[in-house]
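Asks:
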Amino acid sequence: MELEVEILEVREFEENFAVKLKETPFYPDGKGGQLGDRGTIGDATVMRVFEKSGDVWHVVDKPLHMGKVIARIDTKRRKDIAQQHTAQHILSAAFIETSGIETVGFHMGEEYSTVDLDVPLLTEEALCSSLRLANEIVQSCLTVEILKVQPENVGRYRLRKPVHSKVIESGESVRLVKIGEFDISACSGFHVENTGKVGMIAIFKAEKIKTSQTRVYFLAGRRLERYIYKVTEILGKVTSNLTCSTNELATRVDNLLKEMKNVKNFNKRLSERLAREIALRGNFEQLGNVNLVLWEDEAEVATFLPKYLENYLLVAKTKNGFLLASDIMDCSKVVEKLRDTGVVKGGGAGRSRGQIISDLELREFKKLVKRVITDADTSAQY
Numbered sequence: 000m001e002l003e004v005e006i007l008e009v010r011e012f013e014e015n016f017a018v019k020l021k022e023t024p025f026y027p028d029g030k031g032g033q034l035g036d037r038g039t040i041g042d043a044t045v046m047r048v049f050e051k052s053g054d055v056w057h058v059v060d061k062p063l064h065m066g067k068v069i070a071r072i073d074t075k076r077r078k079d080i081a082q083q084h085t086a087q088h089i090l091s092a093a094f095i096e097t098s099g100i101e102t103v104g105f106h107m108g109e110e111y112s113t114v115d116l117d118v119p120l121l122t123e124e125a126l127c128s129s130l131r132l133a134n135e136i137v138q139s140c141l142t143v144e145i146l147k148v149q150p151e152n153v154g155r156y157r158l159r160k161p162v163h164s165k166v167i168e169s170g171e172s173v174r175l176v177k178i179g180e181f182d183i184s185a186c187s188g189f190h191v192e193n194t195g196k197v198g199m200i201a202i203f204k205a206e207k208i209k210t211s212q213t214r215v216y217f218l219a220g221r222r223l224e225r226y227i228y229k230v231t232e233i234l235g236k237v238t239s240n241l242t243c244s245t246n247e248l249a250t251r252v253d254n255l256l257k258e259m260k261n262v263k264n265f266n267k268r269l270s271e272r273l274a275r276e277i278a279l280r281g282n283f284e285q286l287g288n289v290n291l292v293l294w295e296d297e298a299e300v301a302t303f304l305p306k307y308l309e310n311y312l313l314v315a316k317t318k319n320g321f322l323l324a325s326d327i328m329d330c331s332k333v334v335e336k337l338r339d340t341g342v343v344k345g346g347g348a349g350r351s352r353g354q355i356i357s358d359l360e361l362r363e364f365k366k367l368v369k370r371v372i373t374d375a376d377t378s379a380q381y
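Going by numbering that gives the first Met the number 0, the residue at position 31 of the sequence shown is 30; the numbering climbs one at a time, nothing skipped.
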């Protein structure tokens, strides 16, 4: 869609520029809960459109000069917005029709849209029956009409939600969106010409929000097509890797999770057994009355070592540094002295455990620890 517009003002805005037009064909972001238009003004790309103090501002990626230029609106994006918005009207009306559940909020995002329902717990039956009815309405290809109604005549229509009193008091005509005989509500956003152009509606998530509402995540139209393509691709790869059919996938994953749990439990038992054997074997370096225990292999073994050691200072290599643990030394003081060397950074500690962030090798860190704890002035025993 191309048309001529007139630039009245250009300002620097954050790291970009904001443009005000004499009359704008661009729909603002967030108005009516839907996404805004994108496109170009002159040779600048429109990145965002917002309304402030009655003026519509267009955030663009480069400065523009005052005067008349050609604006182009992304019609594919408009079609997508229309599909999602009409889908929301249908879905909200379906929840009322099947379950008496009202919509109290709507948000359209770049990837998915949500409706907030006035119900603390959405049952599977309510969700499925509403979605089934919504798609029946889509497949019925009902005409979607845009009506301009004078405020005094709004009461003649059975609206899904009442029009705000401020809108009525403004004296301006009210824009109603009528979907056959199924739904009618006030709305200023984009909509398709008939419900068939929505394609299909799918709900892929529902979660409780606040204390008495449920948020439903949905897709429609081309977004749903892309989602199905992506999911189909992922399913193909997963079923191929697991050598099973789609119908067998859930069972196969359940079995794998059980096997993984068993393996983790087995590894845990082995780690504890190894920790016990290491402690019984002894042969640790003595620093006074302290057994210096070094470990840089499986992290889980290090978690069990303190259970079987006595008079020890454990130094275990971790992904980002080192873990300290002791039953005879105050680790917080050891960590403090290690920091004071300026060789290591960060970390935190309690009396029995401490952490150091460092990229030193265990051999080098051992030298640093020995230097700290063998210094008489840095003794940190309980």
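Backbone N, C-alpha and C define an ideal beta-carbon position, used for all residues, glycine too.
What is the DSSP secondary structure of N134, reduced to helix, strand or coil?
Replies: Locating residue 134 in the sequence shown gives position 135, counting from the first residue. Of the three classes helix, strand and coil, the one that applies to N134 here is helix, per DSSP.
Asks: Between which residues of its own chain and S456 is the CB-CB distance below 7 Å, once the five residues before and five after are set aside?
Replies: Beyond the ends of the chain as shown, which are 0 and 381, falls residue 456; an answer cannot be given.
Asks: Might you give, ordered along the chain, the residues of its own chain that have their beta carbon closer than 7 Å to the beta carbon of T238, omitting 5 neighbours on each side?
Replies: Position 239 of the sequence shown holds residue 238. Only S244, T245 and L248 meet the Cβ criterion.
Asks: Can you find the residues in the same chain that come closer than 6 Å, C-beta to C-beta, to Y26, ignoring five residues on each side of it along the sequence?
Replies: Stepping through the sequence shown from its first residue, residue 26 is reached at position 27. So the qualifying residues of the chain are G35 and D36.
Asks: Check each candidate in V191, Y156 and F203 and name the one with the smallest Cα separation from E180.
Replies: Your numbering for residue 180 matches position 181 in the sequence shown. With distances taken between Cα atoms, E180 lies closest to Y156.
Asks: Which residue marks the beginning of the beta strand (DSSP E) containing R352, and which one marks its end?
Replies: Taking the sequence shown and counting its residues from 1, one reaches residue 352 at position 353. From DSSP, the beta strand (DSSP E) with R352 extends over R352 to I356.
Asks: Is V230 close to chain D, meaning its C-beta is less than 8 Å from at least one C-beta of that chain?
Replies: Annotation note: the requested chain D is absent from the structure, which comprises a single protein chain.
Asks: Are V215 and A205 closer than 8 Å when you measure CB to CB?
Replies: On the sequence shown, position 216 is the one that residue 215 refers to. On the sequence shown, position 206 is the one that residue 205 refers to. The answer is yes: Cβ separation under 8 Å.
Asks: So is K366 buried or exposed if we call it buried at 16+ other beta carbons inside 10 Å?
Replies: Looking up residue 366 in the sequence shown gives position 367. It counts as exposed.
Asks: For Y228, report the span of its alpha helix (DSSP H) as first-last.
Replies: Along the sequence shown, one-based indexing puts residue 228 at 229. Note, Y228: alpha helix (DSSP H), G220 to N240.
Asks: Quick one: using the 10 Å Cβ neighbour count with 16 as the cut-off for buried, is C330 buried or exposed?
Replies: To locate residue 330, count along the sequence shown from 1; it is residue 331. It counts as buried.
Asks: In terms of alpha-carbon separation, which member of V342, E360 and L308 lies closest to K318?
Replies: As a working note, residue 318 is residue 319 in the sequence shown. Cα-wise, what sits closest to K318 is E360.
Asks: With distances taken between CB atoms, is the gap from Q33 to H84 smaller than 8 Å?
Replies: Within the sequence shown, residue 33 is the residue found at index 34, counting from 1. Within the sequence shown, residue 84 is the residue found at index 85, counting from 1. Taking 8 Å as the Cβ cut-off, Q33 and H84 qualify as a contacting pair.
Asks: Could you give the distance in angstroms between the alpha-carbon of T231 and the alpha-carbon of T250?
Replies: Looking up residue 231 in the sequence shown gives position 232. Looking up residue 250 in the sequence shown gives position 251. Rounded to the nearest angstrom, the two C-alpha atoms are 18 Å apart.
Asks: When we look at the beta-carbon of S129 and count the other beta-carbons within 10 Å, is it buried (16 or more) or exposed?
Replies: Taking the first residue of the sequence shown as position 1, residue 129 is located at position 130. Counting Cβ neighbours within 10 Å, S129 comes out buried, since at least 16 surround it.
Asks: For N246, which beta-bridge partners are listed by DSSP?
Replies: Against the sequence shown, residue 246 aligns to sequence position 247. None, per the DSSP bridge assignment.
Asks: Sort Y311, E5, L269 and K263 by Cα distance to N282 and report the nearest one.
Replies: Residue numbering aside, residue 282 sits at position 283 when the sequence shown is read from its first letter. When only C-alpha atoms are compared, the closest one is Y311.
Asks: DSSP three-state label for I202, please.
Replies: Here residue 202 refers to the residue found at position 203 when the sequence shown is read from its first residue. Strand.
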